[in-house]
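Visitor: So that we are looking at the same thing, I have put the structure below in C-alpha cells.
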Amino acid sequence: MLTEAFDKVKFDCFWSETLNVPSHDNETIKSDDISIVTAFFDIGREAWSNGNRIDQRHKRSVDVYLSYFSNLAKIKNQVIIFIDEHLAQKVLDMRAANGLAYKTVIFTSKNFFLVDEILNISQRIQTIMNGKFHDYVWTKSSPEYNDPKYVLVNAFKSFFAVHAIDKKIVTSPQVAWIDFGYCRDNDRFDSNTPWRFDAKNKMNLFYILSLNDEPIFSIVKEGDVYFQGGHLIGDLNSWKDFRREIDISFRSLIDCGFIDDDQTLILMAYRRNPSTYIIHPVDSSDWYVIFKYFNSNTLITAAEVRKKRKRSSPIWWKEFKLWLSQKLK
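Written as C-alpha cells, this is what we have:
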C-alpha cells in the first residue's frame, strides 16, 4: 500500500554533493560510518488548534523546525534531506555555513501530498478518524488521531531512507533516520567529529517502555509508546526489509479500521520477527540522546526504561466517561 503510493512521488534533486562540489577522496569510509536521512514537509502544523481537535502543545511553525535543523546542520555526517521545494535553499545554506555542502544531498517535491495514490490513502485515513475510531481512543487530541498528513509523513520514514539507498547516493555502509527537528538545542552531539555507531548489520531500534504482550488494539486505544520513531539505524539491506515490515504493519492497522503513528508500526514490525533487530533501552526523561549515548566513542550506559503506568482510576471508569461524553454531545 505505502510502497506503491511512495513510488509515484516525483523527487527532484536540488543539490547533490557529487554534482556540485569537488570530491573529497581522502576521506576513508569506515564500517561504522553513518549517512543521515531526514525529511520535512509542511503539514500545516502551525494552524493546529483545539478547533481541529489537536492539543495546542503539538503546534509548531515552520520557522521553529528550521531553527531545530540549524543545530542538526552542524553534524559532519553525510545528510540527505527530502523537503518542500521552497525550503531547499534554506537548509542548503545552513549546511554550507558549516562547510558541509559537500556532505549534503537535497531532494524536493512540489506536491508530495497531492499525488493521487497518497491522496487516496490520506482520504481513507481521514474517514477512519472521522468515524467511531475517534470515540474509541483515549488521547483524542493527539495528532496521530486527527491529521492524515502527520500519520503519513511519519509512516514514510523508512521509504525516504530506502529511496536514498536505491538512488545510490548514500556514501556510508549504514543509514540513520533522524527527525528533521530532532536537535532541540545545540548540545546534542560533538560537532568536531562525525557521528559513528556500529549497527551490526541489523536494524537498531530504541524503546522507552518495557516490552510486553499488550495487544495492539489496547496500545492504540490507550496511546502507549514503546519504540521511538525519531531515530533509527541500520545497514543498507536491513532498511529495505524494515520498509516492507512497516508497509505490512500499516496495511494491517488500516484494514482493521485503526490508525496510529510510526511508533506503533515499529512495535508491530518488531513483534513479527524480533530476531532481526537489535533493541536498546532509552530513559524517557530525554528522548534525544542518540548521538550522545549511541556512538563509537561513548561507553553506552544502561538506561532505565519506564514500566506501563498504572491508571489512577479503573479502566471501566475511563470507558464510562468516554461513553458519557458521547451521550452528552
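Taking our numbering, the leading residue of the sequence shown gets -5, the next gets one more, and so forth. Glycine included, C-beta positions come from ideal geometry on N, C-alpha and C. Here the structure is a predicted model, which means the values were calculated and not measured.
#1: Write down every uninterrupted run of the alpha helix (DSSP H) in the stretch 141 to 199 whose length is 4 residues or greater and which is fully enclosed by it, in chain order.
#2: Got a sec, what are the start and stop residues for the alpha helix (DSSP H) W281 sits in?
#3: For I48, count the other beta carbons within 10 Å of its own beta carbon; 16 or more makes it buried, fewer makes it exposed. Which is it?
#4: Does V15 come out as helix, strand or coil in the three-state DSSP assignment?
#5: If you follow the alpha helix (DSSP H) that T121 is part of, which residue opens it and which one closes it?
#6: Below 6 Å CB to CB, which residues in the same chain sit around Y324 once its five sequence neighbours on both sides are set aside?
#7: Rounded to a whole number of angstroms, what is the C-alpha to C-alpha distance between S290 and Y130?
#8: Please state the DSSP three-state secondary structure of T258.
#9: Can you tell me where the alpha helix (DSSP H) holding D57 begins and where it ends?
#10: Near R326, what residues of its chain come up, given a Cβ to Cβ distance below 8 Å and the 5 sequence neighbours on each side ignored?
#11: Using the rule of at least 16 other Cβ atoms within 10 Å of the residue's Cβ for burial, across every protein chain shown, is P16 buried or exposed?
#12: Looking only at its own chain, which residues have a Cβ that is under 6 Å from the Cβ of D192, when we skip the five neighbours before and after it?
#13: Taking contact to mean 3 or more Cβ pairs, one atom from each stretch, closer than 8 Å, check whether the stretch 110 to 126 and the stretch 249 to 257 are in contact.
#14: Is the CB-CB distance between M256 and G217 below 9 Å?
#15: Which whole runs of the alpha helix (DSSP H) in the stretch 202 to 283 are 4 residues long or more, in chain order?
#16: Under a three-way DSSP split, which group does A82 fall into?
#17: Here's a check: name, in chain order, each residue in its chain whose Cβ is nearer than 8 Å to the Cβ of Y62, leaving out the five neighbours to either side.
#18: Is F288 helix, strand or coil when you go by DSSP?
#19: For N148, which residues of its own chain have a beta-carbon under 7 Å away from its beta-carbon, when the five flanking residues on both sides are left out?
#20: Cα separation between V3 and F211?
#21: Smallest Cα separation from S103: which of W132, A33, I273?
#22: Let me confirm a value: D117 is counted as buried when at least 16 other C-beta atoms fall within 10 Å, else exposed. Which label applies?
#23: Please look up how many angstroms separate the CB atoms of V99 and S166, rounded, as I've assumed it's under 8 Å.
#24: Which of the three DSSP states is assigned to F76 in this structure?
#25: So is G38 buried or exposed if we call it buried at 16+ other beta carbons inside 10 Å?
#26: I172 and L146 look like a contact to me (Cβ under 8 Å); what is the Cβ gap, rounded to whole Å?
#27: From the DSSP output, read off the bridge partner residues of F34.
#28: Decide if F8 is buried, meaning its Cβ has at least 16 other Cβ atoms within 10 Å, or exposed.
#29: Kindly indicate which three-state DSSP category A(-1) falls into: helix, strand or coil?
#30: Assuming T270 and D235 make a contact with CB atoms under 8 Å, what is their CB distance in whole Å?
#31: Alpha carbon to alpha carbon, how far is D6 from P268? Give it in angstroms, no decimals.
#32: Are V214 and I28 touching if we call contact CB-CB under 9 Å?
#33: Of all the options A263, A297, R265, which has the alpha carbon lying nearest to the alpha carbon of S278?
Guide: Judging by the given coordinates:
#1: Counting only runs of 4 or more residues that sit fully inside the stretch 141 to 199, the alpha helix (DSSP H) segments are 142 to 149, 151 to 160, in chain order.
#2: Working through the sequence shown from its first residue, we reach residue 281 at position 287. In the DSSP annotation of this structure, W281 is not part of any alpha helix (DSSP H), being labelled neither H nor E.
#3: As a first step, residue 48 is located in the sequence shown; it is residue number 54 there, counting from the start. I48 comes out buried.
#4: As a first step, residue 15 must be located in the sequence shown, where it is residue number 21. Legend: pLDDT at V15 = 47, less than 50; position of this residue unreliable, value from coordinates given subsequently. V15: coil per DSSP, three-state reduction.
#5: Here residue 121 refers to the residue found at position 127 when the sequence shown is read from its first residue. That run of the alpha helix (DSSP H) goes 110 to 124.
#6: The chain is shown only over -5 to 323; residue 324 falls outside these bounds and no answer can be derived.
#7: In the sequence shown, counting from the first residue as 1, residue 290 sits at position 296. In the sequence shown, counting from the first residue as 1, residue 130 sits at position 136. Going from the Cα of S290 to the Cα of Y130 covers about 44 Å.
#8: In the sequence shown, residue 258 corresponds to position 264, counting from 1. T258 carries a helical assignment under DSSP once its states are collapsed to helix, strand and coil.
#9: As a position in the sequence shown, residue 57 is number 63, starting the count at 1. 56 to 66 is the extent of the alpha helix (DSSP H) around D57.
#10: Because the chain in this structure spans residues -5 to 323, residue 326 falls outside the shown range and cannot be described.
#11: Taking the first residue of the sequence shown as position 1, residue 16 is located at position 22. Caution applies to P16, whose pLDDT of 47 falls short of 50 and renders its modelled position unreliable; the value that the coordinates give is listed next. P16 should be labelled exposed.
#12: Position 198 of the sequence shown, counted from the first residue, corresponds to residue 192. For D192, where only same-chain residues beyond five positions count, the Cβ hits under 6 Å are D26.
#13: Yes, they touch.
#14: By 1-based counting over the sequence shown, the position of residue 256 is 262. By 1-based counting over the sequence shown, the position of residue 217 is 223. Note that residue 256 is Asp in the sequence shown here, rather than Met. No; because the gap between Cβ atoms is not below 9 Å, this pair is not in contact.
#15: Runs found: 210 to 216, 230 to 249, 256 to 266.
#16: Taking the first residue of the sequence shown as position 1, residue 82 is located at position 88. Helix, per DSSP.
#17: Numbered from its first residue, the sequence shown carries residue 62 at position 68. If we look at Y62 and ignore the five residues flanking it on each side, its Cβ neighbours are F174, G175, Y176, C177, R178.
#18: Walking along the sequence shown from the start, residue 288 turns up at place 294. Look at F288 here: in three-state DSSP terms it is coil, with no helix or strand label.
#19: On the sequence shown, residue 148 is found 154 positions in, with the first residue counted as 1. Here the set comprises G223, D255, D256.
#20: Along the sequence shown, read from residue 1 onward, the residue named residue 3 stands at position 9. Along the sequence shown, read from residue 1 onward, the residue named residue 211 stands at position 217. When rounded, the distance between both Cα atoms is 31 Å.
#21: The count along the sequence shown starts at 1 and reaches residue 103 at position 109. S103 has its Cα closest to that of A33, out of W132, A33, I273.
#22: Mapped onto the sequence shown, residue 117 falls at position 123. Here the sequence assigns Gln to residue 117, which means Asp is not the residue at that position. Under this definition Q117 is an exposed residue.
#23: In the sequence shown, counting from the first residue as 1, residue 99 sits at position 105. In the sequence shown, counting from the first residue as 1, residue 166 sits at position 172. Going by Cβ atoms, the distance from V99 to S166 rounds to 12 Å, so no, they are not a contact pair.
#24: Walking along the sequence shown from the start, residue 76 turns up at place 82. Here F76 sits in strand by DSSP.
#25: Taking the first residue of the sequence shown as 1, we reach residue 38 at position 44. Label assigned to G38: exposed.
#26: Within the sequence shown, residue 172 is the residue found at index 178, counting from 1. Within the sequence shown, residue 146 is the residue found at index 152, counting from 1. Not really, about 19 Å apart at Cβ, beyond 8 Å.
#27: Looking up residue 34 in the sequence shown gives position 40. The partner list for F34 (beta bridge, DSSP) reads I77.
#28: Counting from 1 along the sequence shown, the entry for residue 8 is found at position 14. F8 is buried by the Cβ-count criterion.
#29: Locating residue -1 in the sequence shown gives position 5, counting from the first residue. Residue state, collapsed to three classes: helix.
#30: Position 276 of the sequence shown holds residue 270. Position 241 of the sequence shown holds residue 235. The beta-carbon distance between T270 and D235, rounded to whole angstroms, is 7 Å. This is short enough to meet the 8 Å contact definition.
#31: Taking the first residue of the sequence shown as position 1, residue 268 is located at position 274. Taking the first residue of the sequence shown as position 1, residue 6 is located at position 12. Cα atoms of P268 and D6: separation of roughly 36 Å, rounded to the nearest angstrom.
#32: Within the sequence shown, numbered from 1, the residue matching residue 214 stands at position 220. Within the sequence shown, numbered from 1, the residue matching residue 28 stands at position 34. Not a contact, by the Cβ cut-off of 9 Å.
#33: Position 284 of the sequence shown, counted from the first residue, corresponds to residue 278. Checking every option, the nearest Cα to that of S278 belongs to A297.
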